[in-house]
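Following the numbering used here, the numbering of the sequence shown begins with 344 at its first residue and continues without gaps.
Yeah, the Cβ is synthetic: ideal placement off N, Cα and C, and Gly gets one too.
Remember, predicted model here, so these are calculated numbers, not experimental data.
Reviewing the structure listed below.
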Amino acid sequence: MPKVRCHWCVVILLGLLWSNASFAARPNVIFIMSDDHAYQAIGAYGSALNTTPHIDRLAAEGVRFDRCYVTDSICGPSRATMLTGRYGAHHGVRDNYTEFDGSQTTFPKLLQRAGYQTAMIGKWHLGSEPTGFDHWDILPGQGKYYRPDFLSPAGKREEPGYVTDVITRLTLEWLRAGRDAERPFALLMHHKAPHRPWNPGVDHLGETAARTFPEPATLRDDYATRSAAARDAEMRITQMRLSPDLKTWAPDDGHRQWLYKHMTAEERAAWEQRIDPRLAEYQQLNPQGDAKLRWMYQHYLRDYLECIAGVDDSVGAVLDYLDESGLADNTIVVYTSDQGFYLGEHGWFDKRMMYEQSLRTPLVVRWPGVARAGAVETRIASNVDFAETFLDAAGVEPPPEMQGRSLRPLLTGEPAPDWRTSFYYHYYEGRQRDHAVYKHEGVTTGRHKLIRFYPINAWELYDLQADPQEVANKYGDPAYAEVQAELTAELQRLRTELRIPAP
Ligand code: CA
Numbered sequence: 344m345p346k347v348r349c350h351w352c353v354v355i356l357l358g359l360l361w362s363n364a365s366f367a368a369r370p371n372v373i374f375i376m377s378d379d380h381a382y383q384a385i386g387a388y389g390s391a392l393n394t395t396p397h398i399d400r401l402a403a404e405g406v407r408f409d410r411c412y413v414t415d416s417i418c419g420p421s422r423a424t425m426l427t428g429r430y431g432a433h434h435g436v437r438d439n440y441t442e443f444d445g446s447q448t449t450f451p452k453l454l455q456r457a458g459y460q461t462a463m464i465g466k467w468h469l470g471s472e473p474t475g476f477d478h479w480d481i482l483p484g485q486g487k488y489y490r491p492d493f494l495s496p497a498g499k500r501e502e503p504g505y506v507t508d509v510i511t512r513l514t515l516e517w518l519r520a521g522r523d524a525e526r527p528f529a530l531l532m533h534h535k536a537p538h539r540p541w542n543p544g545v546d547h548l549g550e551t552a553a554r555t556f557p558e559p560a561t562l563r564d565d566y567a568t569r570s571a572a573a574r575d576a577e578m579r580i581t582q583m584r585l586s587p588d589l590k591t592w593a594p595d596d597g598h599r600q601w602l603y604k605h606m607t608a609e610e611r612a613a614w615e616q617r618i619d620p621r622l623a624e625y626q627q628l629n630p631q632g633d634a635k636l637r638w639m640y641q642h643y644l645r646d647y648l649e650c651i652a653g654v655d656d657s658v659g660a661v662l663d664y665l666d667e668s669g670l671a672d673n674t675i676v677v678y679t680s681d682q683g684f685y686l687g688e689h690g691w692f693d694k695r696m697m698y699e700q701s702l703r704t705p706l707v708v709r710w711p712g713v714a715r716a717g718a719v720e721t722r723i724a725s726n727v728d729f730a731e732t733f734l735d736a737a738g739v740e741p742p743p744e745m746q747g748r749s750l751r752p753l754l755t756g757e758p759a760p761d762w763r764t765s766f767y768y769h770y771y772e773g774r775q776r777d778h779a780v781y782k783h784e785g786v787t788t789g790r791h792k793l794i795r796f797y798p799i800n801a802w803e804l805y806d807l808q809a810d811p812q813e814v815a816n817k818y819g820d821p822a823y824a825e826v827q828a829e830l831t832a833e834l835q836r837l838r839t840e841l842r843i844p845a846p
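Shown next, in the form of structure tokens:
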């Protein structure tokens, strides 16, 4: 009998050793996401507008993805896709007005089950409360830029300060003292910035005031070759509001008063000094026509890019913590946005459309020992792949209903002959909601793109090599008949494969 007991002791001991070893070997995950951060505004993506030294450092130490496409270029649907690894037709969030059904399988739940500690800090924007997290502390709804409310299982409270800084502080607090240091963790730090109305923190407020930003080639797009969809969309820079979007406001302006009410005296003094003079400047210039477009574009970019400077600081603070704590070598760090954004291309701000600037989201992944340092990957990745990538890192088998694939081969650079060469997109929110963009679906190969705005039965076809600005619709052009037929068939094939009902 003693012999048998001893045998079991060894088995248990070995089991414990193995589980500890496997915990130690499994990498941590820090998934940083911002809201509406265009790749055109990231140094590592060749930005002509700004520098982002900390995101660039991640790119230099990891892989930059140049074709990371979102399944639906809008906040809620995109977030639900990242959590579930599924398209909107299946996770159910097809617009920003639908609550996420939190009983679904998500990667945080599966990681939690596998022994990971899971935490979600910052913008959630899915209506229902988070599920699958040991710790969550989120902005209710869109959240506020100054003195934001936070919602946690303990209830709602206010936090003084600027939202990006508060999210960073709460993240570092959890990393330093809120977790069990013996177990791997997956932390989602999701920023509100640089979402509309683009309110920067005071440490960056006004720092771009003396700059003049280059204008994109399509700022004055006349939509000449396209369907009615581009013309009918209401997201032109000239359709922005002088207040609050462009902060051209009088002292009694309601938006100004509401914003300033949430500031400390110091924050308010900085805004009064650096932002309030805009109204006098605008009145003095009294810009009309093209001068007004130029004025609006420049001020839009100032506010937007100053918000991003704060997000980049946050990335730097997290990377510093990983270096100081010794965790850097065993932690995957992802930087992405919930979708891309227009910075004046086609005359627009916002997203939704399947054109490149909003279809493509920035994605940078540092994964020591796996991701090639400084590599640029052009194979087609997607936010539908994130869940399975994290599961793969943790050694967890993905459930069959997930529709993406681990990005591991794209990170290591190994060939993956059966990797996707086309991608299906579907924007569901529709014209009745914000910005009047028609519902549409489409397919892209990275070289060619077919879009169908189905409520008006309008088709567009682009040759992204000959026409990277997407201003020449080739649908119906005999020279593109073959491409058009191939993409039309591919659209149908992908819809069937992904089990998405025909619209
Ligand atoms: Ca967004």
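Sub-8 Å separation of residue i and residue j beta-carbons
{"i": "P620", "j": "D672", "result": "no"}
{"i": "A572", "j": "A801", "result": "yes"}
{"i": "Y768", "j": "Y412", "result": "yes"}
{"i": "L469", "j": "R422", "result": "yes"}
{"i": "Q700", "j": "A381", "result": "yes"}
{"i": "L793", "j": "Y430", "result": "no"}
{"i": "L648", "j": "N393", "result": "yes"}
{"i": "A889", "j": "R645", "result": "Given that the chain is displayed from residue 344 to residue 846, the structure contains no residue 889 and the question cannot be resolved."}
{"i": "M532", "j": "V661", "result": "yes"}
{"i": "A724", "j": "L702", "result": "no"}
{"i": "S680", "j": "D379", "result": "yes"}
{"i": "A384", "j": "S377", "result": "no"}
{"i": "P451", "j": "G428", "result": "no"}
{"i": "D588", "j": "P630", "result": "no"}
{"i": "R569", "j": "N816", "result": "yes"}
{"i": "L834", "j": "V780", "result": "no"}
{"i": "S471", "j": "F493", "result": "no"}
{"i": "T591", "j": "L628", "result": "no"}
{"i": "R709", "j": "L515", "result": "no"}
{"i": "G683", "j": "L562", "result": "no"}
{"i": "Y489", "j": "L670", "result": "no"}
{"i": "R715", "j": "G653", "result": "no"}
{"i": "A529", "j": "T461", "result": "yes"}
Selected residue, minimal CA-CA separation from residue i, among the options
{"i": "K487", "options": "P537, G498, Q631", "result": "P537"}
{"i": "I398", "options": "E772, G659, R763", "result": "G659"}
{"i": "L636", "options": "Y603, G683, L454, E688", "result": "E688"}
{"i": "K499", "options": "T507, G405, L482", "result": "L482"}
{"i": "H534", "options": "I385, T507, G386", "result": "T507"}
{"i": "T732", "options": "I723, G747, V719, A718", "result": "G747"}
{"i": "I799", "options": "V713, H783, N629", "result": "H783"}
{"i": "A560", "options": "Y805, D523, L686", "result": "L686"}
{"i": "R695", "options": "L401, T414, G389", "result": "T414"}
{"i": "Y823", "options": "R838, L837, Q835, L807", "result": "L807"}
{"i": "T839", "options": "F766, P821, V780", "result": "F766"}
{"i": "M639", "options": "R579, E609, Y805, L670", "result": "R579"}
{"i": "A612", "options": "L513, G549, T448, P396", "result": "G549"}
{"i": "M425", "options": "Q600, L706, Y797, V713", "result": "L706"}
{"i": "T764", "options": "L837, A737, G435", "result": "L837"}
{"i": "Y770", "options": "A845, R751, A730, A716", "result": "A845"}
{"i": "A524", "options": "D728, S668, L830, T704", "result": "S668"}
{"i": "D820", "options": "A832, C418, E829, L804", "result": "L804"}
{"i": "R522", "options": "E609, A593, D477", "result": "D477"}
{"i": "F692", "options": "T395, A387, I417, G386", "result": "I417"}
{"i": "R512", "options": "R795, Y664, T704", "result": "Y664"}
Closer than 8 Å to chain D by CB, residue i
{"i": "Q808", "result": "In the structure shown, chain D cannot be found, because there is only a single protein chain."}
Please output, in chain order, the residues near ligand 1 using a CB cut-off of less than 5 Å to any non-hydrogen atom of the ligand.
D378, D379, C418, D681
Take every Cβ of the segment 501-516, pair it with every Cβ of the segment 446-458, and state whether three or more of those distances are shorter than 8 Å.
no
Cβ contact (3+ pairs, closer than 8 Å) linking the segment 675-689 and the segment 370-378:
yes
Does the segment 812-824 come close enough to the segment 763-781 that 3 or more CB-CB pairs lie under 8 Å?
no
I'd like to know if the segment 602-617 and the segment 537-550 are in contact, where contact means that at least 3 CB-CB pairs between them fall below 8 Å.
yes
Would you call the segment 715-727 and the segment 401-421 touching, i.e. three or more CB-CB distances under 8 Å?
yes
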